[in-house]
Amino acid sequence: HKSLAIHFEADHRYIDLIEERIDIAIRMSLNIDDQQLTVVPLARVDQILVASPSYLNQSACITRPEDLRQHELLPVTLMQNYHHFSFQHVLSGEVVNLDMKTRLASNNVFVAKSLCLQGLGISRILYMDIQKELANGSLVEVLPDWQLPAYSLHALTSKREQYPMKVHRCLDALKQYFAQLPGGRSLQGIA
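Numbering (this note's numbering), first residue to last: 86 to 276.
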């Protein structure tokens, strides 16, 4: 809407919505437990492991999560517990937890993706950030039968009796947008 003024602020730190006078924040987390906030689920976002075909062709075979210990991992340090991996096998339900040491890490998903594309290792990246590379074959999924925990993308507002119409409309627009976004699965119907 033309009369709505929007200021986007991208930051990785926790922001106090009331103190900073922010109407809506978008956060990605495994869970959000803050009684002072209204949490609106927007999408489920899967994490996957990816590597270039050239890296996989020159490296030891990977059939189980434990095999990752023989490989170069390129973590995105913005992810909570980026050194810890918790896998669940999609068919058997077997759970494997690993803590991994790394030589090279980045706080930027684009750097991690670039390092993977150059054949320097394996990275855990959000599915929605890697779809193009998976589709064109420049990156491939590693351990596709083993799932990592999914994140949820949420819109957050401070709790109050009534919300301005602009906040309601913006939340509706966010729900619509994320429902159709490739790589995120809609959470519509979840309160």
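We put the CB at the ideal spot given by N, CA and C, even for glycine.
With residue i and residue j assumed to form a contact (beta carbons below 8 Å), what rounded beta-carbon distance in angstroms separates them?
i           : j           : result
residue 122 : residue 241 : 5 Å
residue 207 : residue 136 : 4 Å
residue 158 : residue 225 : Not really, about 16 Å apart at Cβ, beyond 8 Å.
residue 161 : residue 172 : At roughly 17 Å, the Cβ-Cβ gap does not stay under 8 Å, so residue 161 and residue 172 are not in contact.
residue 150 : residue 115 : About 18 Å separates the two Cβ atoms, so there is no contact after all.
residue 139 : residue 156 : Residue 139 to residue 156, Cβ: 14 Å. No contact.
residue 255 : residue 109 : 6 Å
Report the three-state DSSP secondary structure of residue i (helix, strand or coil).
i           : result
residue 240 : strand
residue 173 : strand
residue 223 : coil
residue 203 : coil
residue 214 : helix
residue 247 : coil
residue 254 : helix
residue 273 : Bear in mind that the predicted position of residue 273 carries a pLDDT of just 42, short of 50, making it unreliable; the figure below should be weighed with that in mind. DSSP places residue 273 in coil when its eight states are reduced to three.
residue 183 : strand
So, using beta-carbon positions, are residue i and residue j closer together than 9 Å?
i           : j           : result
residue 231 : residue 174 : yes
residue 238 : residue 129 : yes
residue 205 : residue 223 : no
residue 185 : residue 266 : no
residue 196 : residue 163 : no
residue 244 : residue 120 : yes
Out of curiosity, what's the CA-to-CA distance linking residue i and residue j?
i           : j           : result
residue 111 : residue 246 : 21 Å
residue 234 : residue 261 : 24 Å
residue 252 : residue 258 : 10 Å
residue 177 : residue 236 : 22 Å
residue 107 : residue 94  : 10 Å
residue 210 : residue 165 : 13 Å
residue 125 : residue 248 : 14 Å
residue 198 : residue 98  : 23 Å
residue 221 : residue 102 : 40 Å
residue 153 : residue 219 : 20 Å
residue 200 : residue 250 : 44 Å
**OP:** Can you check the segment 105 to 165 for any alpha helix (DSSP H) of at least 4 residues that lies completely inside it and give the ranges in chain order?
**Re:** With a minimum length of 4 residues, the unbroken runs of alpha helix (DSSP H) contained wholly in the segment 105 to 165 fall at 138 to 142.
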